[in-house]
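Novice: Take 4 as the starting number for the sequence shown in this note's numbering and just add one per residue.
Idealized CB from N, CA, C, for every residue including glycine.
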Amino acid sequence: MINETIYAPSTAIGGAIAIIRVSGSRSKTISKEIFSKDITGLPNRLCYVLLKDGEGIVDACMGVFLPAPHTYTGEDMLEIHCHGGAMTVQSVLKCLSRTGARPAENGEFTKRAFLNGKMDLSQAEAVMDIINAEAQQSLKAALLQHEGSVKRQIEAVEGILLNTLSGIDAAIDYPEEAEADAYASLGESLDTATDEINRLLKTGRDNRVLRIGVSLAIVGKPNVGKSSLLNALLGRDRAIVTAAAGTTRDTIEEKLSIEGIPMRIVDTAGIRACSDEAESIGIERAKQVLDSADLVLLVTDGSEALDSNDSQLMSMTARKNRIIVSNKADICKADRDADVYVSAKTGVGMDELKSLIVGRIAPNTTDCTAITNERHLRALECALVGIEAAKEACQLDCIATDIRESLHHLGSITGTDIDEKVLDKIFENFCVGK
Ligand SMILES: Nc1nc2c(ncn2[C@@H]2O[C@H](COP(=O)(O)OP(=O)(O)OP(=O)(O)O)[C@@H](O)[C@H]2O)c(=O)[nH]1
Ligand SMILES: [Mg+2]
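Pasting the structure below:
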């Protein structure tokens, strides 16, 4: 219920200071109840206060009363900046529960912000994308969406369809005067809307990397320096490196960002014929990782001649998006066919390798205004079906129905036309306190 007052910690436990937020009509009363002095007369000002319960002082903290409507949720809010220890936070939360407020559900602050018109649904969804962003470009896309980039693009298409719809409605009401005009402009408007939706869908496809990241597999025969390459790309000693062949058994997966693009990189066991059970299982896993990767880094040892193991791996990866990396450039000459010559040991060639990786997975400069949310892309596809149906239909009332269907899907993106259950599902994935 939106008229209930809610509270939740907004910071993770363990820091020096914890921020606990309260939102709802009782925030003012609660402030007066729990603080040693009335700070509601000094709105938007962080004040030093003692927080008390019936038995005494709970904490010495800072508090701020934020009056509606210029707050995150659009409601009266209270922020308590208390000491961050688990005991203190628990005591403050207990104190708040005694006032009759209730703990907030996941994402409830942002849900209220949406329901109170502080942001549209695409902006609300961007809040979690900002929190979850693992690479600079993903963060940039999330920030632009939060600032309204998706909203504006969807509203532009809605504008075209609403215009068309009003022409059709006029034609239905006054056929003699408006029917000819409505038919005349119909085809062009629907084509414009189709083009715009297709453009948005294309931005989603082209910038898939921003949405889900990409997977990189490091493969090669044993001892060529795969784990060393993983460590060099990560900039830390993640995987064990030894001079013995067959060091890496299991796959090692790590997240990293190259030129701001999110990636998952997997180091694998060296692929060769072997009889050791654990190593064989590792090799099987390496092959699976190779199969499912978006991009394969096939590593060879540049200090030795290629052998049948290398050739087998060359043909195994021939049809994959692949970069052939000749490693150990510090002790060899660049005299063989490879896309790039590197030394995982000295760092030579690593920048060139990174540029090649980005070039292979994100050939176009990433467009951060792209539609990056899967739900939005699905809704756009449904909106397109509606427009296609409108183009096929002959009667004005059928055309209007199809356009309304299309508008319904567009409205589900911005939240002007959204089912409550869908809304609950979206905010379920939020964290508590946001
Ligand atoms: N000189 C030189 N040696 C390297 C380089 N990269 C790796 N090595 C050495 O090559 C050996 C094998 O390196 P690893 O990174 O363990 O090779 P790997 O391909 O992961 O090996 P497996 O896990 O056994 O398949 C180690 O002795 C490394 O120090 C390099 O760029 N230059
Ligand atoms: Mg290894």
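Would you give the residue range spanned by the beta strand (DSSP E) that R275 belongs to?
Specialist: Unbroken run through R275: none, as it is neither H nor E.
Novice: Is it true that the CB of K229 sits closer than 8 Å to the CB of Y285?
Specialist: The sequence shown places Gly at residue 285, rather than the Tyr named in the question. Result no, Cβ atoms of G285 and K229 do not sit closer than 8 Å.
Novice: Should E78 go down as buried or exposed, given a rule of 16 or more other Cβ atoms within 10 Å for buried?
Specialist: With 16 or more other Cβ atoms within 10 Å, it is buried.
Novice: Report yes if the CB atom of H86 is closer than 8 Å to the CB atom of I157, and no otherwise.
Specialist: No.
Novice: CA-CA distance, V160 and I406?
Specialist: Approximately 11 Å, taken between the alpha carbons.
Novice: Between the alpha carbons of L155 and A246, how many angstroms are there, rounded?
Specialist: The question names Leu, but residue 155 in the sequence shown is Arg. Taking the straight line joining both Cα atoms gives about 57 Å.
Novice: Hey, how far is the Cα of T419 from the Cα of L146?
Specialist: So the two alpha carbons sit approximately 21 Å from each other.
Novice: Using only alpha-carbon positions, find the residue among V222, T91 and H73 that is nearest to P12.
Specialist: Nearest option by C-alpha distance: T91.
Novice: Between the stretch 316–329 and the stretch 246–262, are three or more C-beta pairs nearer than 8 Å?
Specialist: Short answer: they don't touch.
Novice: In the DSSP assignment, find the alpha helix (DSSP H) that holds V212 and state where it starts and stops.
Specialist: It spans R211 to I215 - the alpha helix (DSSP H) in which V212 sits, taken as one unbroken run.
Novice: For C64, write down the residues that DSSP places opposite it in a beta bridge.
Specialist: DSSP output for C64 lists V52 as bridge partner(s).
Novice: Where does M177 sit, in a helix, a strand or coil, going by DSSP?
Specialist: Going by the sequence as given, residue 177 is Tyr instead of Met. Note: Y177 maps to coil in three-state DSSP.
Novice: At a cut-off of 7 Å, is A196 close to ligand 1 when judged by its beta-carbon and the heavy atoms of the ligand?
Specialist: The answer is no for A196.
Novice: Taking only the alpha-carbon atoms, compute the straight-line gap between R214 and L203 and give it to the nearest angstrom.
Specialist: Using only the alpha carbons, I get a separation of about 14 Å.
Novice: Could you give the first and the last residue of the continuous beta strand (DSSP E) run that contains D270?
Specialist: Note, D270: beta strand (DSSP E), I264 to D270.
Novice: Please work out which residues of its chain come closer than 8 Å, Cβ to Cβ, to L168, disregarding the five sequence neighbours upstream and downstream, and give them in chain order.
Specialist: Result list for L168: A403, I406, R407 and L410, in chain order.
Novice: For a quick check, are the C-beta atoms of I134 and K424 less than 8 Å apart?
Specialist: Not closer than 8 Å, so no.
Novice: For the putative contact between A235 and A347, defined by C-beta atoms under 8 Å, what is the C-beta separation to the nearest angstrom?
Specialist: Their Cβ separation, rounded to whole angstroms, is 4 Å, which keeps A235 and A347 in contact under 8 Å.
Novice: Looking at ligand 4, does it come within less than 7 Å of V244, judged from the CB to the closest heavy atom?
Specialist: Summarising the ligand content, the structure contains ligand 1 and ligand 2 and does not contain ligand 4.
Novice: Let me know the secondary structure DSSP gives G103 once reduced to three states.
Specialist: Coil.
Novice: Return no unless some Cβ of chain D is closer than 8 Å to the Cβ of N135.
Specialist: Among the chains in the structure shown there is no chain D, since it carries only a single protein chain.
Novice: Would you call the stretch 115–129 and the stretch 176–190 in contact, with 3 or more CB pairs under 8 Å?
Specialist: These segments do not touch.
Novice: State yes or no: is the C-beta of V343 nearer than 7 Å to some heavy atom of ligand 1?
Specialist: No.
Novice: Is T251 near ligand 2, going by C-beta to nearest heavy atom under 7 Å?
Specialist: T251: yes, Cβ under 7 Å from ligand 2.
Novice: Taking Cβ to Cβ, would you say I264 is nearer than 8 Å to A365?
Specialist: Yes.
Novice: Below 8 Å on the Cβ atoms is my contact criterion, and I expect I221 with L232 to pass it. Report the Cβ-Cβ distance as a whole number of Å.
Specialist: Yes, they are in contact, since the Cβ atoms of I221 and L232 sit about 6 Å apart, within 8 Å.
Novice: Apply the 10 Å Cβ neighbour rule to T113 and answer buried if 16 or more other Cβ atoms are within range, or exposed otherwise.
Specialist: Classification of T113: buried, given that the 10 Å Cβ count is 16 or more.
Novice: Suppose you measure from the CA of C50 to the CA of S28; what does that come to, to the nearest Å?
Specialist: Near 21 Å, if we compare the C-alpha coordinates of S28 and C50.
Novice: Classify I16: buried if its beta carbon has 16 or more other beta carbons within 10 angstroms, exposed otherwise.
Specialist: I16 is exposed by the Cβ-count criterion.
Novice: On a CA-only basis, which of T251, T250 and M131 is nearest E431? Give me that one, please.
Specialist: Comparing Cα-Cα distances from E431 to each of T251, T250 and M131, the minimum goes to M131.
Novice: Of the choices D123, G162 and Q139, whose alpha-carbon is the least far from that of H149?
Specialist: Checked all of D123, G162 and Q139; the closest Cα to H149 is D123.
Novice: Between the alpha carbons of M266 and G216, how many angstroms are there, rounded?
Specialist: So the alpha carbons of these two residues sit roughly 5 Å apart.
Novice: State the start and end residues of the unbroken alpha helix (DSSP H) segment that holds N312.
Specialist: Residues S311 to M319.
Novice: Is the separation between the beta-carbon of S295 and that of S218 shorter than 8 Å?
Specialist: Closer than 8 Å, so yes.
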